[in-house]
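These notes concern the structure reproduced below.
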Amino acid sequence: MIDLHTHTHFSDGSLSPEQLIQRAVANRLTHLAITDHDCTGALENLVDIPEAAALQIIPGVEISTLWQQREIHIVGLFIDKREKTLQDLTRNQQQLRMARIEEFDQRLDKIGIPGLLAYIKTLPCQAAGRNHVADFLIENGKAVDKQQAFKKFLGNTGRVKTAAHWCEIGTAVMAIRSAGGIAVLAHPDRYKYTRNKLNLLLDEFKECGGEGLEVSYSNLSHDQLLRLATVCEQQELWASVGSDFHTPAAGWMDIGRIRQLPQGCRERAIWHHPRWSATSVGAGTAQELN
Ligand code: AMP
Ligand code: MN
Ligand code: MN
Ligand code: MN
């Protein structure tokens, strides 16, 4: 029971770190990576959470990057959250996120939907994103759900769409590695690439020092899982598993609810990576989390 991709309310998840860990324990997880978008605030003070002693917590992050004008997410596992290169990068990405929110705020204001900035400031998040804007639009009756909020307002054809200026893949991978982490390419099928294009992306990712590929995650069909397992083997990457859990409200996904790695891929499972045992920070060594 291992889940290496989850979010808290420090980015666009709905649970606090404490609630996330309690849910992971209730779901009988043995290992949980907390991987918020472009921030590590959820990794502070984990020792104060009693349930954190019941499982291994792997400090992580999910960094937004741009590759050929598309948004590609890189998960970092086993990171040292205090390392300066990574801190500088996440701080910069958070500033880009706030600048983007201000742009959304102005554009929404112009079409008669004021108040986004004030709404965002009430949230506990360090890394505001389009999901928060979607929540704001839904709360104000401007969209019925997230899909509609993206279609009408925030997506590629939306009324207030704005470009993102995330860092390059190499910058994210380098920061993760500087912080002692393993860089993993997140949810590869979501980019809707052909096999050739995905291989091009992975070639570049590996050249930059990327080491892992998410092979199993929420909402993945068995065929897709087998396809990704083959890509992972051919590219000689470590295979990662992560639900990308955000909220209990999305009933179709939960912490740890992911398919097992297919047989051929199991020897490449990321828990065989040499860094895994060396740095997993868990119950007995919880002070390492701070
Ligand atoms: P951001 O970090 O602000 O770039 O927001 C990216 C997040 O927005 C993704 O991780 C998805 O959760 C969500 N998202 C992006 N596009 C869509 C879409 N078309 N429909 C629903 N959610 C989306
Ligand atoms: Mn998210
Ligand atoms: Mn992602
Ligand atoms: Mn994610």
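Just so you know, my numbering puts the end of the sequence shown at 294, numbered straight through with nothing missing. C-beta atoms are modelled at their ideal positions from N, C-alpha and C, and glycine is treated no differently. Note that the structure is predicted; figures quoted are calculated from it, not measured.
Separation of residue j from residue i, as counted between CA atoms
{"i": "D227", "j": "G17", "result": "28 Å"}
{"i": "K88", "j": "K125", "result": "26 Å"}
{"i": "I53", "j": "E22", "result": "6 Å"}
{"i": "C171", "j": "S68", "result": "7 Å"}
{"i": "R199", "j": "V188", "result": "18 Å"}
{"i": "E3", "j": "D109", "result": "This structure gives no information on residue 3, because the portion of the chain shown stretches from 5 to 294."}
{"i": "I76", "j": "L100", "result": "16 Å"}
{"i": "R194", "j": "Y221", "result": "11 Å"}
{"i": "G288", "j": "A57", "result": "Because G288 sits at a pLDDT of 39, beneath the cut-off of 50, its placement in the model cannot be relied upon, and the point is left open."}
{"i": "W280", "j": "I259", "result": "20 Å"}
{"i": "L204", "j": "E55", "result": "42 Å"}
{"i": "P118", "j": "E107", "result": "12 Å"}
{"i": "K85", "j": "T94", "result": "10 Å"}
{"i": "A179", "j": "S225", "result": "32 Å"}
{"i": "G246", "j": "I6", "result": "8 Å"}
{"i": "R104", "j": "G159", "result": "14 Å"}
{"i": "D42", "j": "L127", "result": "16 Å"}
{"i": "E237", "j": "H277", "result": "14 Å"}
{"i": "A153", "j": "V164", "result": "11 Å"}
{"i": "V65", "j": "V29", "result": "20 Å"}
{"i": "Y123", "j": "F140", "result": "7 Å"}
{"i": "H250", "j": "H191", "result": "14 Å"}
{"i": "G185", "j": "L36", "result": "15 Å"}
{"i": "D113", "j": "L232", "result": "43 Å"}
{"i": "T234", "j": "G116", "result": "50 Å"}
{"i": "L229", "j": "G255", "result": "21 Å"}
Helix, strand or coil at residue i according to DSSP, with G and I counted as helix
{"i": "R32", "result": "coil"}
{"i": "Q60", "result": "strand"}
{"i": "R74", "result": "strand"}
{"i": "A122", "result": "helix"}
{"i": "G37", "result": "With the sequence shown as reference, residue 37 is identified as Ala, and Gly is not the correct amino acid for it. A37 falls in the strand class under three-state DSSP."}
{"i": "E106", "result": "helix"}
{"i": "S20", "result": "coil"}
{"i": "I67", "result": "strand"}
{"i": "P54", "result": "helix"}
{"i": "G288", "result": "With a pLDDT of only 39 at G288, under 50, the local geometry of the prediction cannot be trusted, and the value read off the model is given with reservation. Helix."}
{"i": "G45", "result": "helix"}
{"i": "T89", "result": "helix"}
{"i": "I117", "result": "coil"}
{"i": "L202", "result": "helix"}
{"i": "L127", "result": "coil"}
{"i": "T12", "result": "coil"}
beta-carbon residue i near ligand 1 non-hydrogen atom, thresh 6 Å
{"i": "K150", "result": "yes"}
{"i": "N135", "result": "yes"}
{"i": "T154", "result": "Checking the sequence, you will find Phe at residue 154 rather than Thr. Yes; taking the cut-off as 6 Å, the Cβ of F154 has a heavy atom of ligand 1 nearer than that."}
{"i": "G268", "result": "no"}
{"i": "G159", "result": "yes"}
Check: residue i C-beta below 6 Å from any heavy atom of ligand 3
{"i": "A131", "result": "no"}
{"i": "H250", "result": "no"}
{"i": "A176", "result": "no"}
{"i": "A147", "result": "no"}
{"i": "A57", "result": "no"}
{"i": "A103", "result": "no"}
{"i": "H299", "result": "For the chain, the structure presents residues 5 to 294; residue 299 sits outside this window and is missing."}
{"i": "A187", "result": "no"}
{"i": "A46", "result": "no"}
Closer than 6 Å: residue i CB and nearest ligand 2 heavy atom
{"i": "D16", "result": "yes"}
Check: residue i C-beta below 6 Å from any heavy atom of ligand 4
{"i": "E66", "result": "yes"}
Per DSSP, cross-strand counterpart(s) of residue i
{"i": "I6", "result": "H35"}
{"i": "G80", "result": "V65, A187"}
- beta strand (DSSP E) runs contained entirely in the region 132 to 200, provided each spans 3 or more residues: 186 to 189
- Message: Which runs of the alpha helix (DSSP H) at least 4 residues long sit entirely within the region 213 to 277? Give them in chain order.
- Response: 226 to 238
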